[in-house]
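When we follow my numbering, the leftmost residue of the sequence shown carries the number 74, and every step to the right adds one. Don't be surprised by glycine CBs; every beta carbon is placed ideally from N, CA and C. Note sheet for the following structure.
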Amino acid sequence: MTVRTDARPLDHPLAMLSGAEIIEAVAVVRETGRLEDSARFAYIGLHEPGKEMVRSFQAGQALERHVRLVIVVGPEAGVIEAVVSLSDRSLLSWTLVDDTRPALLIEESMLAINALKADPDWQAAMGRRGIEDFDSVQIDPWPAGSFGAPHEEGRRICRCLSYLRETPEDNGYARPIEGVIGFVDMGRGKVLEVLDTGVVPLAPERGSYYPEDIGEIRSDLKPLAITQPEGPSFTVEGNLVCWQRWSLRVAMDPFEGLVLHTVGYEDSGRVRPVLHRASVSEMVVPYGDPGPMHGWKNAFDVGEWGLGRMANSLTLGCDCLGEIFYFDYVSSDERGRPHTLANAICMHEEDYGILWKHVDLHTGRTEVRRSRRLVVSSIATVGNYEYGFYWYFYLDGTIQMEVKLTGIMSTMGIEPGASPRHATVIAPGLAAPFHQHLFNVRLDVEIDGPANTVYEVDTRPSPAGPENPWGNAFDAVVTPLKTELEAQRMVDPATSRCWKVVNHSSTNGLGQPVAFKLVPGPTPTLLADPESSVGRRARFATRNLWVTPYAPDELRAAGNHPNQHRGGDGLPRWTAADRSIADTDVVLWHTFGVTHIPRPEDWPVMPVEYTGFTLVPVGFFDRNPALDVPATGGGHCATPPGLPPVTDDVQRRDRRRPR
Ligand code: NI
74 MTVRTDARPL
84 DHPLAMLSGA
94 EIIEAVAVVR
104 ETGRLEDSAR
114 FAYIGLHEPG
124 KEMVRSFQAG
134 QALERHVRLV
144 IVVGPEAGVI
154 EAVVSLSDRS
164 LLSWTLVDDT
174 RPALLIEESM
184 LAINALKADP
194 DWQAAMGRRG
204 IEDFDSVQID
214 PWPAGSFGAP
224 HEEGRRICRC
234 LSYLRETPED
244 NGYARPIEGV
254 IGFVDMGRGK
264 VLEVLDTGVV
274 PLAPERGSYY
284 PEDIGEIRSD
294 LKPLAITQPE
304 GPSFTVEGNL
314 VCWQRWSLRV
324 AMDPFEGLVL
334 HTVGYEDSGR
344 VRPVLHRASV
354 SEMVVPYGDP
364 GPMHGWKNAF
374 DVGEWGLGRM
384 ANSLTLGCDC
394 LGEIFYFDYV
404 SSDERGRPHT
414 LANAICMHEE
424 DYGILWKHVD
434 LHTGRTEVRR
444 SRRLVVSSIA
454 TVGNYEYGFY
464 WYFYLDGTIQ
474 MEVKLTGIMS
484 TMGIEPGASP
494 RHATVIAPGL
504 AAPFHQHLFN
514 VRLDVEIDGP
524 ANTVYEVDTR
534 PSPAGPENPW
544 GNAFDAVVTP
554 LKTELEAQRM
564 VDPATSRCWK
574 VVNHSSTNGL
584 GQPVAFKLVP
594 GPTPTLLADP
604 ESSVGRRARF
614 ATRNLWVTPY
624 APDELRAAGN
634 HPNQHRGGDG
644 LPRWTAADRS
654 IADTDVVLWH
664 TFGVTHIPRP
674 EDWPVMPVEY
684 TGFTLVPVGF
694 FDRNPALDVP
704 ATGGGHCATP
714 PGLPPVTDDV
724 QRRDRRRPR
């Protein structure tokens with residue numbers, strides 16, 4: 074069953090922008106007379122209200138709504154950042170930001186593709202490869218990065234790669250047209266240069282993943298149905314979701330994609346705050362092949378493309394299973410017109426195995442509870458790759474964030490028989506360069522309130538000696554992270570390193586200060602040289618943890634405008650001040666992800682690879698908060714009747730013996 078949000082009431086300062094609000098914001102900007110018709114809107118989003126306003130808001134109170142816009146007025150490298158008040162239809166700010174590029178615009182990407190296809194140098198390069206039907210070529214504009222090339226200066230440029238698709242259904246990435254890069258001025262739709270590093274034979278295979286090309290399809294999978302005859306256990310009002318003790322607000326930003334606000338846990342009739350806001354603040358995909366065709370390749374898929382801009386409508390296919398609730402997302406096109414993406418955010422419940430269990434060996438009494446999680450997710454298709462962003466909420470107070478990586482790898486054509494050092498051969502004449510996917514999630518925590526302190530916790534062997542005579546002891550070494558520079562940290566699986574966020578002014582029933590810990594996964598950091606172009610631009614990815622004092626305009630780990638940026642913006646710039654982060658309103662920035670050494674099994678479409686982290690309560694509660702979860706009915710989990718209590722190993726073995 075599918076429930077749809079037909080209307081989203083504007084009932085809260087953090088309600089998602091409506092189409093009417095987008096129209097109104099653009100009208101206010103246009104009425105100033107400062108914009109030509111040719112102006113394009115690279116971003117229209119909610120300018121979020123201050124924390125005090127959110128905390129003090131009462132239902133029914135008048136709403137003060139502000140909209141932030143990034144406007145492109147010409148082909149030069151500059152944007153206008155504006156903030157509009159909808160309440161009194163006024164312009165609150167209007168700033169020209171020089172030497173800055175917006176994210177790649179869709180309209181300009183089309184302009185670049187058409188310009189390149191009409192370019193005689195590009196056509197000649199295709200001709201040298203025996204390609205005469207230019208309609209059969211797929212062109213992918215890539216963010217150009219920042220390499221100090223003369224034509225980067227003062228322009229919005231892209232680097233275009235070409236792929237052969239002999240039929241519209243072909244997988245373009247199966248047949249990269251190796252050796253050809255088109256540099257295009259996107260603002261002017263003008264080809265600057267076509268680089269041809271030499272002909273490489275086209276890979277011979279089509280790389281189809283469509284069922285009609287696979288051969289025999291499995292016929293022995295029986296149906297697996299998820300049914301909730303009484304409906305789901307969550308409620309939705311506007312963008313407020315309540316499920317079990319959890320409450321949160323769900324939103325979508327053009328760049329960050331899925332955004333969670335005001336995540337709290339109800340405890341004894343009181344909502345205890347955990348997160349004020351959580352989102353993916355940036356991500357980078359740096360490639361590890363040094364050649365002229367691939368050495369420059371990296372993509373900041375938040376800031377250069379936008380996870381909300383590229384979000385899927387989950388109407389097609391089968392992205393979520395069970396009793397689904399979908400949120401629509403009203404985005405805007407580059408002319409400032411609202412556009413509704415139906416079913417952009419999916420929400421449902423999933424069974425997740427056992428939550429807790431014990432068999433009392435003396436009485437035979439078994440207690441077991443099923444784990445269940447609330448899943449809030451969205452999927453973005455950024456060129457060849459799909460990224461699924463999943464937030465999970467569990468019955469025991471745990472929060473998990475998981476990214477599912479799938480789609481098609483970026484490929485390179487190779488000479489027959491070649492074995493490249495920095496890429497994996499995945500099909501005849503085809504390789505996939507080594508690369509990384511590094512995500513940065515911004516966690517604006519408020520564990521029982523805004524005044525929080527972050528500690529690093531490592532488990533280490535205790536020194537041998539009179540206090541440790543058997544040499545078995547180990548310590549949990551707790552180190553406070555007091556300033557921003559102290560808090561630039563790496564994961565350390567050997568010490569089970571985690572980062573604990575403590576509120577010293579709130580204690581549990583045992584007198585301990587309440588906390589949540591960030592438990593990282595086995596995650597890498599950036600492998601590129603920190604002084605390389607991508608190393609400077611993706612400095613956030615050189616550390617697994619950063620902590621900053623809350624500042625409302627510090628939202629994106631690589632800065633607001635990473636496209637063609639020379640680097641240093643975002644986290645490295647802010648944290649250079651080495652501000653204090655002790656006992657204050659802190660923000661955690663966690664970099665995590667995968668280093669992808671491609672496998673043949675990742676071709677032609679990649680089975681999902683997972684990465685992420687968890688946020689786990691530590692003394693936030695007095696005991697296991699999920700004792701009150703009822704046992705599941707239906708008899709599947711009950712102690713089988715007629716069996717004697719188990720008291721020793723012999724009897725346990727007896728019980729297993731077939732009768
Ligand atoms: Ni990958």
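Supposed close pair residue i, residue j - CB separation, criterion 8 angstroms
i	j	result
V353	L478	Incorrect: roughly 13 angstroms between the Cβ atoms, too far for contact.
A88	G311	6 angstroms
P595	Q509	Actually they are not in contact, since the Cβ atoms of P595 and Q509 sit about 14 angstroms apart, beyond 8 angstroms.
P506	Y360	5 angstroms
Pairwise C-alpha distance: residue j and residue i
i	j	result
G271	G280	24 angstroms
P193	F307	59 angstroms
I117	L184	22 angstroms
D84	V314	13 angstroms
E121	F665	26 angstroms
G632	D642	5 angstroms
V592	M474	11 angstroms
N617	V564	6 angstroms
G538	G544	8 angstroms
K190	E239	16 angstroms
S91	E97	10 angstroms
W572	R562	10 angstroms
L178	A417	20 angstroms
A500	K263	35 angstroms
R570	V550	10 angstroms
D651	D626	17 angstroms
V455	G582	48 angstroms
S163	G376	28 angstroms
P689	Y467	The sequence shown places Val at residue 689, not Pro. Those two C-alpha atoms are separated by around 10 angstroms.
E104	F512	39 angstroms
Residue i Cβ short of 8 angstroms to the ligand NI heavy atom set
i	result
Y458	yes
R266	Looking at the sequence itself, residue 266 is Glu, so the reference to Arg does not match. False, no ligand heavy atom lies under 8 angstroms from that Cβ.
H367	no
L142	no
V358	yes
V667	yes
M199	no
H510	yes
P671	yes
E423	no
E339	no
M679	yes
M126	no
E674	no
M482	yes
L558	no
E682	yes
L478	yes
Exposure of residue i, with buried meaning 16 or more beta-carbon neighbours within 10 Å
i	result
W662	buried
I250	buried
S483	buried
Y283	exposed
L394	exposed
V101	buried
H669	buried
Q134	exposed
E329	buried
T615	buried
F693	buried
G461	buried
T580	exposed
Below-9 angstroms beta-carbon distance, residue i vs any chain C residue
i	result
L333	No chain C appears in this structure, which consists of one protein chain only.
Tell me, please, whether the region 330–350 touches the region 395–413 by the rule of three or more beta-carbon pairs shorter than 8 angstroms.
Put simply, the region 330–350 does not touch the region 395–413. Fewer than three CB pairs are less than 8 angstroms apart.
Is it a yes or a no for the region 208–218 touching the region 147–155, going by three-plus beta-carbon pairs under 8 angstroms?
Fewer than three Cβ pairs drawn from the region 208–218 and the region 147–155 lie within less than 8 angstroms of each other, which leaves the two stretches out of contact.
Quick one: any contact between the region 380–399 and the region 518–531, if contact means 3 or more CB pairs under 8 angstroms?
They do not touch, by the three-pair rule.
If we count Cβ pairs, one from each stretch, closer than 8 angstroms, do we get three or more for the region 254–268 versus the region 222–240?
Enough Cβ pairs lie closer than 8 angstroms, so yes.
Would you call the region 679–688 and the region 363–377 in contact, with 3 or more CB pairs under 8 angstroms?
Per the Cβ contact rule, the region 679–688 is not in contact with the region 363–377 (fewer than 3 Cβ pairs under 8 angstroms).
Three or more C-beta pairs below 8 angstroms linking the region 602–613 and the region 640–656
The region 602–613 makes contact with the region 640–656: 3 or more CB pairs, one atom from each, lie closer than 8 angstroms.
Would the region 417–430 and the region 448–459 be scored as touching if the rule is three or more Cβ pairs under 8 angstroms?
Three or more beta-carbon pairs separated by less than 8 angstroms link the region 417–430 to the region 448–459, which places the two stretches in contact.
Using 8 angstroms as the threshold, is the region 618–626 in touch with the region 539–558, meaning 3 or more CB pairs across them?
Yes, the region 618–626 is in contact with the region 539–558.
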